[in-house]
Amino acid sequence: MKLFGWGKYPVIQVEESYFESIEQLKSKLSIPGDYIVHGMGRSYGDSALNRRVIFSSKFNKILNFDPINGVVICESGMTISELIEVFLPRGWFLSVTPGTKFITVGGAIASDVHGKNHHKAGCFSEFVRSFDLMLSNGEIVHCTRENNSELFRATCGGMGLTGIILTVKLKLQQIQSSFIRETLISCKNLEEIFNLFEEHSLVTYSVAWIDCLAKGKNLGRSILMLGEHEDSGKLNHSFKQKWMVPFDLPHICLNRYSVSLFNHFYYNLTPKYIREHLVRIDNFFYPLDKIAHWNRLYGHRGFTQYQLVLSKESSFEGLKKILQMIGASGLGSFLAVLKLFGTQNDNYLSFPKKGYTLALDFKIHPKLFSFLRELDRVVLDHEGRLYLAKDVRMAREVFIKGYPKYEKFEELREMMEMKMKFNSLQSKRLGV
Amino acid sequence: MKLLILGANSDVAYYIAKKFAKSERSSLFMASRNQKLLAKKVEDLKIRYLVEVKALFFDATDYESHRNFYDSLDTKPDGVIICFGFLGDQKKAQRDFIESRQIIETNYLGAVNILEIIAEDFERRGHGLIIGISSVAGERGRKSNYIYGSAKGALTIYLSGLRNRLNKRNVRVITVLPGFIRTKMTENLDLPQKLIAEPEEVAEDIYQAYIKNKDVIYSKSFWKWIMLVIKMIPENLFKRTNI
């Protein structure tokens, strides 16, 4: 079958297989060749692609739930969306959630995903108590922070390259209502938004939409979104995908003029300040999930997301430069997000670290890759790195400079014969 | 509603169980051979929907055991869904009668034997629901899978007769004719992606057939039109085709 990541680039022919029990997986893995596990295919680039993929979608059962402590044990193909459907009505929610709920728990661990509360709660792996991992020889290892801790730290953020994540023990957070109290604040420029992130560092959830095509005195104009769980009210959950993009739009639809126009209206039509209005959890965390197949907006050539983080000290200078370059290139997209991360964890390849992160979509375009290489240099100059779950084109040099623990990761892969069994197009490109 | 699902380890069965547990708050008897795999699914369904779910051992081709299996249920179900089936290997079946027999026994004889036992009970009680998952392969014989197709074709006719017999006794019989489904059964086949349904889509179609009082449904529904065309092709042309 043909397979691609969320960015619909690249598209490759794969041999697929499924499993619903450990025995089935073991027998599949015993066939020579290298594999990568593919969950919901929400990583943007080539990190879940390989000539042979193993889909985890049928390995998706809930094995145990402790209703006193909110600890769930489930298989790695379980989706966040289903966890919400089951446990939100009982007053439990993910402790950390990314911007889409259509991902698997295994994928969340492999990318060590983050959310709007990273500055307070850290990454997804913070709430992973343990997991079972199938190694290249079929052996199953139970990993926690204390036991097999090296494997634990390599696997969280390890892009599926250390083995196959089987069952996961996950801590949920208790909530009192299915609503979020949201505050929106418009900011005129980069300085203002930086100050506001600092000022609201105690708020649980924070993220900003940023107009990456604004120039001059408007550079960095943005809308800060803050949120807290509402502490009373109903616990009901209903979700419907309201809209769908039925087919790939002509790739010309998103261009610098249409995006500028969208950004202009979006910025100007949002009131300067909205204080603590109530929004549903789904609308707050997963606004784009309402539009099925929104990745088709970018046309048949597909797109990529470029997500970078810079060290905090040099974030302001670095981001200013990057926004100027994007403004001048005219390649920017309407989905650009800014956030201040908290401190980094000790996993080998987790992306977040103290500083500002910026994520932007770019449609695939002949000029794009050389432009991104220019951005790479600025990122490295400001002690930054790129997010592997979004990447489709980074060079090895950019990877090893951004991820100083790469050597430990590669040693482990070598030592435990993971390189023979678990590879993605990304790992081959990066030489991991 | 109490629902008995036979062949409960099939991919479609799991999603049917989810659908009925969620929408009808049905309690479930899940019956299959592989008890280890089944136990996991039973626990999953209990946690998700907080309904009663029981795992049972059932072997479709162990005919002698069927009477005892049904009699030993402490409460009798209001509905039964036949999800077991065996695609087998057509080429192998042509050479080896053991394979042919396995295909015919699992898809047809097993269903007839257990359904007669259950139909008798439903008929006496004057209510009940029987859902049989047959196949579009049973609509016309093709060289690529006619052993399987003929067993499913027999099942379709059987269900039609059963519906006719039980109609006056307030027992509903629904025949489901799926096309390709992305399941264990079809994993190693090279199928046109656009025609493949996900097991949860088929489960949804089956639930809708139940809600809307349908007798026979295709899943996905476009198979109705595909099969209409395929059935219309004159035999002297059809015999030359490669579909």
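Chains as they are written, first to last, in my numbering: chain A, 0 to 431; chain B, 43 to 285.
Virtual Cβ for every residue (Gly too), placed ideally from N, Cα, C.
Note that this is a predicted model, so its numbers are computed, not measured.
_Determine whether the beta carbon atoms of ILE504 of chain A and LEU225 of chain A lie at a separation below 9 angstroms._
What the structure shows of chain A is the stretch from 0 to 431, and residue 504 of chain A is not part of that stretch, so it cannot be assessed.
*asked:* Per the DSSP calculation, THR182 of chain A is bridged to which residue(s)?
replied: In the first sequence, counting from the first residue as 1, residue 182 of chain A sits at position 183. A:LEU225.
*Tell me where the beta strand (DSSP E) around GLN175 of chain A begins and ends.*
In the first sequence, counting from the first residue as 1, residue 175 of chain A sits at position 176. Careful: GLN175 of chain A lies outside any beta strand (DSSP E) and carries neither H nor E.
*Does MET0 of chain A come within less than 9 angstroms of chain B when only Cβ atoms are used?*
Along the first sequence, one-based indexing puts residue 0 of chain A at 1. With 9 angstroms as the cut-off, MET0 of chain A counts as an interface residue toward chain B.
*asked:* Taking a contact to mean a Cβ-Cβ separation below 9 angstroms, would you say PHE64 of chain A touches GLY76 of chain A in this structure?
replied: Working through the first sequence from its first residue, we reach residue 64 of chain A at position 65. Working through the first sequence from its first residue, we reach residue 76 of chain A at position 77. No, the Cβ-Cβ distance between PHE64 of chain A and GLY76 of chain A is not below 9 angstroms.
*Less than 8 angstroms between the CB atoms is what I'm expecting for LYS362 of chain A and ARG295 of chain A, so what's the real figure, rounded?*
As a working note, residue 362 of chain A is residue 363 in the first sequence. As a working note, residue 295 of chain A is residue 296 in the first sequence. Separation of the CB atoms of LYS362 of chain A and ARG295 of chain A is rounded to 12 angstroms, and the pair is thereby denied contact status at 8 angstroms.
*Are the C-beta atoms of GLU229 of chain B and some chain A residue less than 9 angstroms apart?*
Taking the second sequence and counting its residues from 1, the one referred to as residue 229 of chain B is at position 187. Chain A contact via Cβ: present.
_Residues of chain A with CB closer than 8 angstroms to the CB of GLN136 of chain B, please, in chain order._
Against the second sequence, residue 136 of chain B aligns to sequence position 94. Within 8 angstroms Cβ-Cβ: nothing; GLN136 of chain B doesn't reach chain A, min ~27 angstroms.
*Can you give me, in chain order, the residues of the segment 37-64 of chain A that have a beta carbon less than 8 angstroms from any beta carbon in chain B?*
LYS57, LYS60, ILE61, LEU62, ASN63 and PHE64
*Pick helix, strand or coil for TYR355 of chain A, following the three-state DSSP scheme.*
Residue 355 of chain A sits at position 356 when you count from the first residue of the first sequence. If DSSP states are grouped into helix, strand and coil, TYR355 of chain A belongs with the strands.
*asked:* Among the candidates A:LEU212, A:ASN188, A:ASN267 and A:SER16, whose CA atom is the shortest distance from the CA of ALA335 of chain A?
replied: As a working note, residue 335 of chain A is residue 336 in the first sequence. If we check each option's Cα against that of ALA335 of chain A, A:LEU212 comes out closest.
_Any C-beta of chain B under 9 angstroms from that of LYS19 of chain A_ = The residue labelled residue 19 of chain A in the question sits at position 20 within the first sequence. Here residue 19 of chain A turns out to be Glu, not Lys, going by the sequence shown. For GLU19 of chain A, the answer is yes, since a Cβ of chain B falls inside 9 angstroms of its Cβ.
*Alpha carbon to alpha carbon, what distance is there between ILE124 of chain B and ALA161 of chain B?*
Taking the second sequence and counting its residues from 1, the one referred to as residue 161 of chain B is at position 119. Taking the second sequence and counting its residues from 1, the one referred to as residue 124 of chain B is at position 82. Cα-Cα distance, rounded: 13 angstroms.
*Quick one: give me the first and last residue of the beta strand (DSSP E) that GLU277 of chain B is part of.*
On the second sequence, residue 277 of chain B is found 235 positions in, with the first residue counted as 1. From DSSP, GLU277 of chain B is part of no beta strand (DSSP E) but of the alpha helix (DSSP H) over 277-280.
_Residue interval of the alpha helix (DSSP H) (run including PHE54 of chain A)_ = Residue numbering aside, residue 54 of chain A sits at position 55 when the first sequence is read from its first letter. Boundaries around PHE54 of chain A are those of the beta strand (DSSP E), 51-54, since no alpha helix (DSSP H) includes it.
*Note down the Cα distance separating SER176 of chain A from SER205 of chain A, rounded to an integer number of angstroms.*
Your numbering for residue 176 of chain A matches position 177 in the first sequence. Your numbering for residue 205 of chain A matches position 206 in the first sequence. Their Cα atoms are separated by approximately 19 angstroms.
*Does DSSP classify TYR43 of chain A as helix, strand or coil?*
Within the first sequence, the letter at position 44 stands for residue 43 of chain A. Coil.
*Could you list the residues in the segment 73-91 of chain A with a C-beta less than 7 angstroms from some C-beta on chain E, going in chain order?*
Considering every chain present, this structure includes no chain E. Its protein chains are A and B.
*Residue from B:LYS83, B:SER65, B:LYS256 and B:ALA55 whose Cα sits closest to the Cα of LEU171 of chain B*: Position 129 of the second sequence, counted from the first residue, corresponds to residue 171 of chain B. Minimum Cα-Cα distance from LEU171 of chain B among the listed residues B:LYS83, B:SER65, B:LYS256 and B:ALA55 corresponds to B:LYS256.
*Sort out for me which residues DSSP pairs GLU15 of chain A with in a bridge.*
Translated into the one-based positions of the first sequence, residue 15 of chain A becomes position 16. Per DSSP, A:VAL52.
*Would you call the segment 309-325 of chain A and the segment 376-394 of chain A touching, i.e. three or more CB-CB distances under 8 angstroms?*
Yes: the two stretches touch, three or more of their Cβ pairs being nearer than 8 angstroms.
*Looking at the unbroken alpha helix (DSSP H) that takes in TRP208 of chain A, where does it start and where does it end?*
Along the first sequence, one-based indexing puts residue 208 of chain A at 209. Run containing TRP208 of chain A: none in the alpha helix (DSSP H); it sits in the beta strand (DSSP E), 204-209.
*Going along the chain, which unbroken runs of the alpha helix (DSSP H) with 4 or more residues stay wholly within the segment 59-141 of chain A?*
79-86, 104-109 and 117-120
*Under the DSSP definition of a beta bridge, which residues are partnered with THR166 of chain A?*
Position 167 of the first sequence, counting from 1, holds the residue named residue 166 of chain A. THR166 of chain A is bridged to A:GLU74.
*Determine the chain A residues that contact GLU85 of chain B at a beta-carbon separation under 9 angstroms, and present them in chain order.*
Position 43 of the second sequence, counted from the first residue, corresponds to residue 85 of chain B. Chain order gives the chain A residues near GLU85 of chain B as LYS60, ILE61, LEU62 and ASN63, where near means a beta carbon separation below 9 angstroms.
*Please list the residues of the segment 130-155 of chain B that have a C-beta atom closer than 7 angstroms to any C-beta atom in chain A, keeping them in chain order.*
none
*Give me whichever residues DSSP pairs with PRO220 of chain B in a beta bridge.*
The residue you call residue 220 of chain B lines up with position 178 of the second sequence. PRO220 of chain B pairs with B:SER261.
*Selection of the segment 60-92 of chain B by Cβ proximity to chain A, strictly under 8 angstroms*: LYS78, LEU79, LYS82, LYS83, GLU85, ASP86, ILE89 and ARG90
*Kindly indicate if chain A contains any beta-carbon less than 9 angstroms away from that of GLN250 of chain B.*
Residue numbering aside, residue 250 of chain B sits at position 208 when the second sequence is read from its first letter. Chain A contact via Cβ: absent.
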